[in-house]
Amino acid sequence: MATSVAAKVSGPAGINAGRAVRRYGWTVAVYVLFATLMVATLIVKPDFGAFEWNTLTLAALPLAFAAAAQTMVVLSGGIDLSVGPLMALANVLALRATVGHDLRYSVGVALLVLLEVTLAGALNGAIIVLTRVPDIVVTLAMSFVWAGLALLVLAKPTPGIPLDFQNLAQGSTLSPWVPNALLLLLVIPLVWIPLRRSRAGLAIYAVGSDRNAAFRSGVNLGLSRVLAYAVGGFFAACGGLALSMTTGVGSPLAGTYYTLSGVSAIVLGGVSLAGGRGGM
Numbered sequence: 002m003a004t005s006v007a008a009k010v011s012g013p014a015g016i017n018a019g020r021a022v023r024r025y026g027w028t029v030a031v032y033v034l035f036a037t038l039m040v041a042t043l044i045v046k047p048d049f050g051a052f053e054w055n056t057l058t059l060a061a062l063p064l065a066f067a068a069a070a071q072t073m074v075v076l077s078g079g080i081d082l083s084v085g086p087l088m089a090l091a092n093v094l095a096l097r098a099t100v101g102h103d104l105r106y107s108v109g110v111a112l113l114v115l116l117e118v119t120l121a122g123a124l125n126g127a128i129i130v131l132t133r134v135p136d137i138v139v140t141l142a143m144s145f146v147w148a149g150l151a152l153l154v155l156a157k158p159t160p161g162i163p164l165d166f167q168n169l170a171q172g173s174t175l176s177p178w179v180p181n182a183l184l185l186l187l188v189i190p191l192v193w194i195p196l197r198r199s200r201a202g203l204a205i206y207a208v209g210s211d212r213n214a215a216f217r218s219g220v221n222l223g224l225s226r227v228l229a230y231a232v233g234g235f236f237a238a239c240g241g242l243a244l245s246m247t248t249g250v251g252s253p254l255a256g257t258y259y260t261l262s263g264v265s266a267i268v269l270g271g272v273s274l275a276g277g278r279g280g281m
């Protein structure tokens, strides 16, 4: 009797534990690896301090936004090879429009750039939905379009981002160990958490997991995919603006590195390239 009761108690607990390991194990492993690397860094370089931490977060800021952009699209069952060019487009637009202006004007420009590149991402999704051409083909083609537009806006790397605008990411306001770049990353959860808990977010997961089942459940497949690409465009714009803030330079080739790096980052973060599984 005692054995059967113990089995009943331990059974569901064991199942829940196994489910938790499958769901969160990889993410926890990544955090453990990061903590291990930080400890190793402190051992090798005992004078590692707030300045080095600030530099590290500045370098990671654009990549974090690139990964967020790619995550949104991959969760819907697609892939976006135009993330890097979209970042470059946001970067050069910001440079062109903010040179010689104050912080208030620069922030207004940044908001306009966010809107424009979000619409560019939505256009990617709309073309995919309307033409039914595979995502990888459309986004590869559109990557050349966005890269060409970036070259039209700015032919070569040019400095000139206002210092006040750069200081939104550089330096520390609250504490030397809480750099501004880390605070800017709060944009990701502020957008992601409400979306994840909304019907639209659940629809994106459903589309990425099984499109036929999602369609039978009444999910608007086309709208969900366009939304995923639009939010991806928003995060790509954030990445381009982050490049502007961290480097002070506008460059039409600024995002070249971030397309494949973003894919690598989301795989390490536990997002399934098959779609419908993972998060930020």
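The C-terminal residue of the sequence shown carries number 281 in the numbering used here, and the numbering is unbroken.
A virtual CB, placed ideally from N, CA and C, is assigned to each residue, including glycine.
Inter-residue Cα distance where the pair is residue i and residue j
| i | j | result |
| --- | --- | --- |
| HIS102 | GLY270 | 39 Å |
| LEU244 | ALA255 | 8 Å |
| ASN168 | MET246 | 7 Å |
| THR159 | VAL110 | 18 Å |
| CYS239 | MET88 | 8 Å |
| GLY276 | GLN71 | 11 Å |
| VAL40 | LEU34 | 10 Å |
| ALA237 | LEU228 | 14 Å |
| GLY85 | GLY234 | 10 Å |
| GLY202 | ASP48 | 44 Å |
| SER176 | THR99 | 28 Å |
| GLY161 | GLY249 | 6 Å |
| LEU104 | PHE166 | 6 Å |
| GLY50 | PRO190 | 27 Å |
| PRO63 | VAL93 | 15 Å |
| GLY209 | VAL179 | 36 Å |
| ARG97 | MET143 | 22 Å |
| VAL272 | GLY172 | 32 Å |
| PRO195 | LEU141 | 30 Å |
Short Cβ contact (8 Å threshold) for residue i with residue j
| i | j | result |
| --- | --- | --- |
| ALA156 | GLY251 | no |
| LEU183 | THR28 | no |
| ALA266 | ALA36 | no |
| ALA123 | ALA231 | yes |
| LEU82 | THR257 | no |
| TRP147 | ALA121 | yes |
| ILE129 | GLY78 | no |
| LEU274 | VAL75 | yes |
DSSP state of residue i mapped onto helix, strand, coil
| i | result |
| --- | --- |
| VAL250 | strand |
| SER210 | helix |
| PRO47 | coil |
| PRO177 | coil |
| VAL268 | helix |
| LEU187 | coil |
| SER83 | coil |
| LEU274 | coil |
| VAL10 | Because VAL10 carries a pLDDT of 44, less than 50, the predicted location of this residue cannot be relied on, and no value is offered for it. |
| MET281 | coil |
| GLY223 | helix |
| THR4 | Residue placement at THR4 cannot be trusted, given a pLDDT of 48 that sits under 50; the coordinates are not used to answer. |
| GLY240 | helix |
| TYR258 | coil |
| VAL75 | helix |
| GLY101 | coil |
| SER245 | helix |
Self-check item: alpha helix (DSSP H) runs wholly inside the stretch 104–174, at least 4 long, in chain order
Solution: Within the stretch 104–174, the complete alpha helix (DSSP H) runs of at least 4 residues are 104–132, 136–154 and 164–167.
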